[in-house]
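For reference, the structure discussed in these notes is given below.
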Amino acid sequence: MMKFRFRRQGNDPQREKIKQELFAFNKTVEHGFPNQPSALAYDPKLQLMAIGTKSGAIKVYGVPGVEFTGLHQDTAAVTQIHFLYGQGRLLSLLDDNTLHLWELSAGPREGGGARREGVVYLEEVRSYSPPGRPGLESCSATRVTVLLMLRSCDLLCVGTEGGGVYFLDLPHLSLRDNQSLLQDQVMQSVPEDYRCGKSLGPVESLQEHPQQPGKILIGYSRGLVVLWDLSNRHADHVFLGKQQLESLVWERSGNSFVSSHSDGGYSVWAVASGNSCTQQPVSSTIPYGPFPCKAINKILWRTSPSGSPVLLYSGGMPRASYGDRHCLTVQQDRRHVTLDFTSRVIDFFTVHCEDQDKEYDEPSAVVVLLEEELVVVDLQTSGWPSLPTPYLAPLHSSAITCSCHVSAVPPKLWERLSRAGRSQSHQQHTHRTWPICGGKNLAPPPKQQELLLTGHEDGTVRFWDASGVALTPLYKLSTSSVFLTDCDPIDDPHDPGNDPGNDPDAQHEEEWPPFRKVGCFDPYSDDPRLGIQKIILCKYSSKLLVAGTAGQVIVMTLSEERSDHSVDVCVVDLLQDREGFTWKGHDRLEPRLSPTPFPPGFQPLVLVQCMPPASVTAVTLHAEWNLISFGTSHGFGLFDYHRRNTVLARCTLHPNDSLAMEGPLSRVKSLKKSLRQSFRRIRKSRVTGKKRPGTSTPTSKVQEANAALAEQDSDMAPVQRRIEPRSADDCLSGVVRCVCLADTFLRDGTHHGPTLWAGTNSGSVYAYALEVPGVGSGRVCERGGVGEASVCVEAVLGKEIQLMHRAPVVSICVLDGRGRPLPDPYEASRDLASAPDMNNSHSVLIASEEQLKVFSLPKVSAKTKFKLTAHEGCRVRRVALAVFSSAVQEDYSEQTLVCLTNQGDLHLFSIPALRPQARYDCIRKEDISGIASCVFTRTGQGFYLISPSEYERFSLSARDVTEPLCSVLLNRPLLPSPASDSTAMLPQANGTHKNQAEGMYTHTHTSPQCLCPGLSHCSLGHVMQGCFSGLHGDASDNPSPCREMKVTMETRVMLSQFAGLGLAQIGDWPSP
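The opening residue of the sequence shown carries number 54 in the working numbering; numbering runs sequentially from there.
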């Protein structure tokens, strides 16, 4: 048959308009716990909390859904954060010794394809670098150690390593001349016998007097504490401490303060009006002595109406016995609890009454920022239980191994999951309201409920509410109870519900200190074989399929009642008695045969154990047929979980697949074989690449003719890269990459029925025709009848396809007669989706690592393809089908194929024609874990890990966007940002992101107000336009508010900073 080639036509304007209404790439929000937190702050008036990270990110949180994110231009760690009380401004200190002022500014700003009025964003407005000594770029003497923001928010006190205290005006960050306080001035108020020629050391703490705003408490590392009067510049009182100082805190009345020290003790000092020098504290205590203890890094003293203050401090543990513990102690009168965490304490604060007219602090909660999680403890409930976190939950409490997204969750299933989750946390948490409740969420309520399921290394599956900006924990499922493990889950010491420390009456029977384990971060797994590898949830039948590292496949169902039962176990041998293969990997997990109690929630029905017990690489679930299919590195199987019957077991091993027998947990690797195979590939590529002159065969003549034709048509089709076919001898060629169950035409074009498809690492596709009782040729009936009980499901091999180049098969999807993917189980039978077209011929879409290809059914003849590797030079890693709805037309949508490559870019294709629609850069190609963790939604959104504890959420849809839309009521005028008309994207905390409209990289911008206050009411574009018009032409043709502005040297510097010009270019500008 002769094939004709046509020249490609230009872009259709109408189609381009439709694509703009359908597709738009945005990175919208970051779910989870910030990676490597380093600083914490709280604004009690606005009730906002800020967290800084070592990567230079600042994240502000309020009520669930209120989130603001900022990123410093320099990737330096944030060491301190301080709010300007009630103003919506905060100050950050970086480890490069620079200060940065941030503020919440109003929109409008372009986002999600629509203009957002009244939305507030976090922006950096100015920065400041403390001056060093002459001739030195950086000096330790001027390195900032502590900051104090006065309650009036007009003065910033800066303590340094050299012992000096400097004062900056706020919010301009300008240094007050001749008002700096140096150690020499302080030494004049210290008795002679205390000086001893020693330095006071760095400034460790600065605290403002709670009743006298003009006085501050200055604590030096050596132990000296000075009460300094800012207005008179005089030391009112000195306290001669002799122990190395760590922190200070005032008592609410101002009559006393508490100091913590490096020896693990704290001291109470009285502030007497008649004496200017205090030699000894009122009391000194080492709570965990008398043996040497670690330092108390921070201490808080809060008064209560009961008369006994609440004392909170971090550290202080006995160095020899508990020096490796991360603890926070809370004590009041005789109640004493040592909160024991699994990660380091970064900082903490209390939520208490800030009204100056009130007599007591009355603390209601303590918020503790740890290195791996955030813990909030209720101080008003007996026993001081912890509060469940509506966001900032540690996704990595156990390492994430896989994930799955479920869209449009039915309300009944959602409510049943919520009840199961509430029953789990009933004894572990208090039900008081979340204390950090500032701001207002302007985002509309979600149109549908969405679930994100994450599988973990410890054998747990966690269900998250992913409907909005806040990723909220919903329910936790543990699969370890199905097996016999070293740590019995019934007596799990990491379960807070089983912790006797939660019982206040049992605390007296414990040893000293009274430890209580708090938090859910537990990075250690009792058995790595428990790790979850694949998850599938059928939202209509409430069936869950979970597969693990040791070949375990568990079918579970949702129950609202507690159950005591044993789990049926079925073993499937995938080797099928093939000789020459010996499994060298780990053993299988021993199932628990006796009846086991299972709490309300998902409970196991049957355990299918693959043998050899290799990690499960692919699964699928068809709840309407009661069938599951699974694949490993040895083969694939089909199982009827209703009849507990193995339908099919097929081995896919190649004779040279010896590496597949070693297992993922085996350390036995053949280096010689690996090197030998590498040299064979190199030698083979060299041989095939050489041309033999002087030979003329029919094959070579055909190749020459094809080459000549390709040269003639070079202007018609893009240049394709040469792809070398992969050898069949490559190891792990039998790994099953995907399995699919679909009702389609396989035997002939008139009768359709259930089919099973499986794709392997060597490019092989196996298609089986299934005989399911009551299903086929349009017949669907309820399963489990008396007449069908004795009838078994049968599988017959129908087709076997071998792809060119033996590229691994990534995905298989069957398309109906209209070219649409088949609906999910129960969707068509329950009229939840339109029925598939069974009148016209079907097709199957097979995505390999190198190309996308559509075959017609049942003949399996190629219809169309797109060679992604040959055209783009990349390999396919993830494939999904999504529905993209138009942002303009309510009733218009398209089915689109979304493809993620190993370069981190996203490609969109129409189906079944496979025409490219759009391409976006999403993930850095070096971020291998991010690419491997990516999961897509049905509505054109996606998630991928940017750190072990954070998911980045992105959207490819112009209509369906989940992003923070927030507002905050402030005490200052909320003026729009001068650069709010720019098209720069909101920077994310994980780094720089590309502006898709202009192809530029954008960061958080600096407001022009700090450089030229007179330009605050005109946009930067007008400034640039007017000034450059005055420099290079007649300004009358370019009207601008800045047209008559004189160009001074200061203006040139300002313009060069915003235009990205260098100083050499500034000098080339003409003078005015």
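From the three backbone atoms N, C-alpha and C, an ideal C-beta is built for every residue, glycine too.
Whether residue i touches residue j by CB criterion (8 Å)
{"i": "Thr442", "j": "Pro567", "result": "no"}
{"i": "Leu505", "j": "Phe86", "result": "no"}
{"i": "Arg790", "j": "Thr808", "result": "no"}
{"i": "Ala940", "j": "Arg1012", "result": "yes"}
{"i": "Gly307", "j": "Val291", "result": "no"}
{"i": "Leu868", "j": "Pro969", "result": "no"}
{"i": "Lys347", "j": "Arg387", "result": "no"}
{"i": "Glu1003", "j": "Glu83", "result": "yes"}
{"i": "Leu1009", "j": "Leu959", "result": "yes"}
{"i": "Val951", "j": "Val863", "result": "no"}
{"i": "Asp207", "j": "Gly139", "result": "no"}
{"i": "Leu259", "j": "Ile271", "result": "yes"}
{"i": "Leu996", "j": "Ala933", "result": "Correcting the residue type first, residue 996 is Phe in the shown sequence and not Leu. No."}
Alpha helix (DSSP H) segment containing residue i, residue limits
{"i": "Gly85", "result": "Per DSSP, Gly85 belongs to no alpha helix (DSSP H); it is in the beta strand (DSSP E), 76–85."}
{"i": "Ser963", "result": "Counting along the chain, Ser963 falls outside any alpha helix (DSSP H), though it belongs to the beta strand (DSSP E) covering 958–963."}
{"i": "Pro464", "result": "464–477"}
{"i": "Thr486", "result": "Careful: Thr486 lies outside any alpha helix (DSSP H) and carries neither H nor E."}
{"i": "Gly983", "result": "981–985"}
{"i": "Arg248", "result": "245–248"}
{"i": "Glu925", "result": "921–925"}
Identified DSSP bridge partners for residue i
{"i": "Arg355", "result": "Val363"}
{"i": "Gly1135", "result": "Since the first residue shown for the chain is 54 and the last is 1125, residue 1135 is missing from the structure and cannot be characterised."}
{"i": "Gly368", "result": "Ile349"}
{"i": "Lys852", "result": "Ala820"}
{"i": "Phe634", "result": "Per DSSP, none; premise fails for Phe634."}
{"i": "Asn679", "result": "DSSP lists no partner for Asn679."}
{"i": "Glu412", "result": "None, per the DSSP bridge assignment."}
{"i": "Trp155", "result": "Leu143, Glu177"}
{"i": "Pro807", "result": "Asp796"}
Contacts around residue i, its chain only, beta-carbon distance under 6 Å, and the 5 residues preceding and following it disregarded
{"i": "Gly508", "result": "Thr454, Cys455, Val514, Ile585, Ile588"}
{"i": "Gln433", "result": "Ser417"}
{"i": "Cys457", "result": "Leu506, Ile588"}
{"i": "Leu590", "result": "Val459, Leu597"}
{"i": "Gly254", "result": "Tyr273, Ser274, Arg275"}
{"i": "Leu905", "result": "Phe919, Leu967"}
{"i": "Tyr444", "result": "Pro117, Ala523"}
Close beta carbons around residue i, own chain, < 7 Å, minus the five adjacent residues each side
{"i": "Ala881", "result": "Ala888, Pro889"}
{"i": "Leu691", "result": "Leu680, Ser682, Val700, Leu701, Leu809, Ala848"}
{"i": "Pro746", "result": "With a pLDDT of only 44 at Pro746, under 50, the local geometry of the prediction cannot be trusted, and no value is derived from it."}
{"i": "Glu1103", "result": "Note on Glu1103: pLDDT 39, under 50, position unreliable in the model; the coordinate value appears next. Excluding positions up to five away in sequence, the list is empty."}
Beta-carbon proximity list for residue i, same chain, < 8 Å, skipping 5 on both sides
{"i": "Asn64", "result": "none"}
{"i": "Ser252", "result": "Gly216, Gln236, Arg275"}
{"i": "Thr649", "result": "Ser534, Val535, Asp617, His618, Ser619, Val620"}
Buried versus exposed, by CB contacts within 10 Å (16 or more), residue i
{"i": "Tyr341", "result": "buried"}
{"i": "Gly633", "result": "exposed"}
{"i": "Gly294", "result": "buried"}
{"i": "His287", "result": "exposed"}
{"i": "Pro498", "result": "exposed"}
{"i": "Leu850", "result": "exposed"}
{"i": "Lys1099", "result": "Note that Lys1099 scores 35 on pLDDT, short of 50, meaning its location in the model is unreliable and no value can be drawn from it."}
{"i": "Val844", "result": "exposed"}
{"i": "Lys72", "result": "buried"}
First through last residue of the beta strand (DSSP E) which encompasses residue i
{"i": "Ala935", "result": "929–938"}
{"i": "His199", "result": "First, the amino acid is wrong: residue 199 is Val here, not His. Where Val199 is concerned, the enclosing beta strand (DSSP E) stretches over 197–202."}
{"i": "Ile865", "result": "862–868"}
{"i": "Ala94", "result": "90–96"}
{"i": "Val239", "result": "First-last for Val239: 236–240, but that is the alpha helix (DSSP H), not the beta strand (DSSP E)."}
{"i": "Leu527", "result": "525–531"}
{"i": "Ser313", "result": "309–314"}
{"i": "Tyr114", "result": "110–114"}
{"i": "Arg696", "result": "Taken as a continuous stretch (DSSP letters only), Arg696 belongs to no beta strand (DSSP E), as it is neither H nor E."}
{"i": "Val951", "result": "946–954"}
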